[in-house]
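Residues 17 to 485 in this note's numbering are what the sequence shown spells out, letter by letter.
Here a beta-carbon is modelled for each residue, glycine too, at the ideal position from N, C-alpha and C.
Here the structure is a predicted model, which means the values were calculated and not measured.
Before any comments, here is the structure.
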Amino acid sequence: MRTQRCGRMPMLLCLAVLLGGSGVSAQEGAPFLTLHEAVLVALAENDRMLTSRESIEQAELGRTVAESAFGIRITPNVLGSFGQSDVRNQTYGVGASKRFTTGTEVRMDVGASTFRNQIGSFYAADTTILLRQSLLRGFGPTVGRRQIERSEYQIAGAERQHGIAEQQLALEVAGAYYRLIAQRELAAVARTALENAGQLLAASEAKLRANLVSQLDVFRARQLLAEAEGRVFDVDGAVEDLKDQLRFLMNRDVDYDFRVAPEIDGRVDAVAAGDAVATALRNRVELREADAVVAEAERDVGYARHQLLPQVDVSLALTRRETADALRNAFGVDRFEPVTFFSVSTPLDRTAELAGVRTAMMERDRRIRARDTLRRRIAQEVRRAVRLQQRLANRLESAEVSVDFAEREVELANLRFQRGLSNNLDVVNAQAALLNATTRRLGVLADLALSRLTLRATLGTLDARRDVR
C-alpha cells in the first residue's frame with residue numbers, strides 16, 4: 017500500500033512518511049519512561065542536585081569544626097635526646113584543655129625540663145591546673161554556642177535551598193515531558209496531514225486531467241503538500257530537541273532512548289484564591305527561610321551588643337613546682353598551692369563595637385522588610401497561579417471545541433470537493449485550520465498540566481518525589 021502511494025507522491029513526501037513510520041517503530045521498542053521515573057532520576061543524578069547536596073555536606077562539616085572547639089584538646093610537647101639523659105634543655109610535657117559553652121575553660125599543663133649547673137644535672141617540673149571563668153564578655157551559652165548556632169543555621173538554609181532546587185528541577189522535567197507528549201502527538205497529526213495533502217494532490221491532478229478543476233487547484237495542493245512536509249520535519253526536530261532536554265536533565269547520554277506516556281493529564285485543582293494564599297503563607301519554604309534569616313539577624317544583634325561588655329575573667333589555679341635528680345621523681349600529687357587572680361580588659365574607645373551594633377540592627381530591619389515584601393509577593397504569585405490555571409482550563413475547552421469544529425469542516429470540505437461542488441481551496445483552508453487548532457489544543461493541554469504542578473509549588477505543597485506523576 018505504501019509502495020503504491022509512493023508512486024503517486026513526490027519523493028520528499030515518500031521519504032517523510034517512511035522516516036516517520038520507522039521512527040514510530042523504533043520508539044515502540046524503546047523502554048517506557050514515566051514522568052515520576054524521569055523526576056526521580058533527575059533528582060538523583062542531575063548536576064545541580066549533586067552540587068546542592070555537597071553544599072549541605074559542607075555546612076555539616078562547618079558544624080563539626082565549630083563543635084570541635086569544645087572538645088578535649090591534648091597537646092604533647094617533647095624535646096629530648098637519644099642516648100644521654102643528662103643533656104640540658106630537654107623538655108617532656110603534655111597539655112590538656114577543654115572549653116565549655118558557658119565561657120568556662122579548664123587547662124592542665126604537666127611538664128619537666130632538664131638543667132645543668134655546677135652540682136650536676138636536675139629536672140625542674142611544673143604542674144598547673146587552671147580554671148578560668150568569664151563573667152561579662154564571653155559568659156553564657158548564647159555567646160559560647162554562637163559558632164555552632166551559625167553553622168546549624170547554614171545547614172538548615174542549605175537543606176531548604178535543596179528542597180527549592182528539587183521543586184524547580186521537577187517542574188523543568190515535567191515541562192519538558194509534557195511538551196514532548198504534545199509534540200509527539202502533533203507529529204502524528206502532522207504526518208496525517210502530510211498524507212492527506214498527498215491524497216489531495218493526487219485527486220486534484222486526476223480531476224485536472226478530466227478538466228474538472230483548474231491548474232490553480234493543483235498549485236494549491238502542491239503548496240499544501242510542501243507546507244505539510246516542512247511541518248513534519250519541524251515537529252520531528254522539536255521532538256528530538258525535547259528528548260535531548262530530558263536526557264540533559266536526567267544526566268543521560270544522547271544514545272539513551274525512551275518512550276513517554278500516551279497522553280497528558282489535564283485535570284484541574286479547584287482551589288479558592290483566599291484559601292490558596294493562606295496555604296502558601298503557611299507552607300512556602302521561602303517564608304521559613306526568611307523567618308530563619310530574621311532570627312539569625314536577631315542573634316547577630318545580641319552578639320554585637322554583648323561585645324560592648326568589658327572582659328572580666330576570674331581564675332583559680334593549682335600549681336606545683338619541684339626539682340628532682342630523675343624524671344620519675346619530678347612529678348607527684350602533693351604540695352599543690354592554690355592561686356586566684358582576675359583580669360579586667362576594656363577599651364576606652366568603643367567606636368568599632370558601637371558601629372557593629374548599629375550595623376547589625378540595620379541588617380535585622382532590612383531582613384524584616386524583605387520578609388514582609390516576600391509575603392506580599394507570594395500572595396500575588398498564588399493569586400496569579402490560580403487565575404492562570406482557570407484561564408488555561410477555559411482555553412482548553414475552547415480549543416477542544418475548535419478542534420471538533422475543524423474536523424467536521426474538513427469532512428465537509430472533502431465531501432464537497434469529491435462531489436465537484438467546490439474546488440480544493442476549502443479543503444486546503446479546512447486542513448490548515450484543523451492543524452492550527454490541534455496545535456493550540458496540545459499546547460494549552462501541556463501548559464495546563466504544568467500549571468497544576470506549578471500551583472502546588474506556589475502553595476508550598478508540592479512533593480517533588482511523590483506528587484509529580
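Taking the C-alpha atoms as reference points, what is the distance between residue i and residue j?
i      : j      : result
Val309 : Arg383 : 7 angstroms
Glu302 : Gly372 : 28 angstroms
Val284 : Gln447 : 30 angstroms
Ser414 : Glu73  : 51 angstroms
Pro47  : Asn445 : 39 angstroms
Glu168 : Thr474 : 27 angstroms
Leu146 : Glu338 : 18 angstroms
Ala342 : Tyr139 : 6 angstroms
Thr143 : Ser361 : 27 angstroms
Thr118 : Thr91  : 23 angstroms
Leu428 : Leu437 : 11 angstroms
Glu397 : Leu152 : 48 angstroms
Ala190 : Glu83  : 42 angstroms
Val417 : Ala192 : 26 angstroms
Glu314 : Ala174 : 20 angstroms
Ala288 : Thr477 : 15 angstroms
Leu51  : Arg321 : 53 angstroms
Glu188 : Ala294 : 26 angstroms
CB-CB under 8 angstroms to residue i, same chain, minus the five flanking residues each way: which ones, in chain order?
i      : result
Ser359 : Gln327, Val328, Asp329, Ser331
Leu240 : Ala213, Leu216, Leu217, Val444, Gln447, Ala448
Ser38  : Low confidence applies to Ser38: its pLDDT is 47, below 50, so where it sits in the model is not reliable, and the reading given next is rough at best. None.
Asp307 : Arg387
Thr356 : Val330, Ser331, Leu332, Ala333
Val234 : Leu217, Ser220, Glu221, Leu224
How close, in whole Å, do the beta carbons of residue i and residue j come, if the pair is a contact with beta carbons under 8 angstroms?
i      : j      : result
Arg247 : Ala206 : 5 angstroms
Leu324 : Arg366 : 6 angstroms
Leu451 : Ala198 : Not a contact, Cβ separation roughly 14 angstroms.
Leu458 : Glu201 : 6 angstroms
Arg481 : Leu56  : 7 angstroms
Ala7   : Arg115 : This structure does not reach residue 7, given that the chain is present from 17 up to 485, and the question cannot be answered.
Leu196 : Val255 : 7 angstroms
Looking only at its chain, what residues have a beta carbon closer than 7 angstroms to the beta carbon of residue i, apart from the 5 residues adjacent to it on each side?
i      : result
Ala409 : Val284, Leu464
Ala42  : Because Ala42 carries a pLDDT of 48, less than 50, the predicted location of this residue cannot be relied on, and the following value inherits that uncertainty. Contacts found: none.
Leu29  : Because the pLDDT of Leu29 is 46, which lies under 50, any placement of that residue in the model is unreliable, and the question is left without a value.
Arg236 : Asn440, Leu441, Val444
Gly282 : Leu412, Leu461, Leu464, Ala465
Ser68  : Gln177, His178, Ala181
Tyr272 : Arg263
Going by DSSP, which residues form a beta bridge with residue i?
i      : result
Met124 : Ala112, Ile145
Asn93  : Gly109
Gln239 : BP columns for Gln239 are empty, so no partner.
Gln327 : Ser361
Glu353 : Thr335
Phe433 : Phe433 is not bridged to any residue.
Tyr139 : Thr130, Ala340
Arg275 : Phe48
Ser150 : Asp329
Might you give, ordered along the chain, the residues of its own chain that have their beta carbon closer than 6 angstroms to the beta carbon of residue i, omitting 5 neighbours on each side?
i      : result
Asp479 : none
Ile394 : Ala296, Arg300
Glu379 : Ala313
Lys223 : Val229
Gly96  : Gln106
Leu34  : For Leu34, the pLDDT reaches just 45, beneath the cut-off of 50, and the residue's location in the model is therefore unreliable, leaving the point undetermined.
Arg399 : Ala289
Any chance the stretch 334-349 sits against the stretch 127-147, with 3 or more Cβ pairs inside 8 angstroms?
yes
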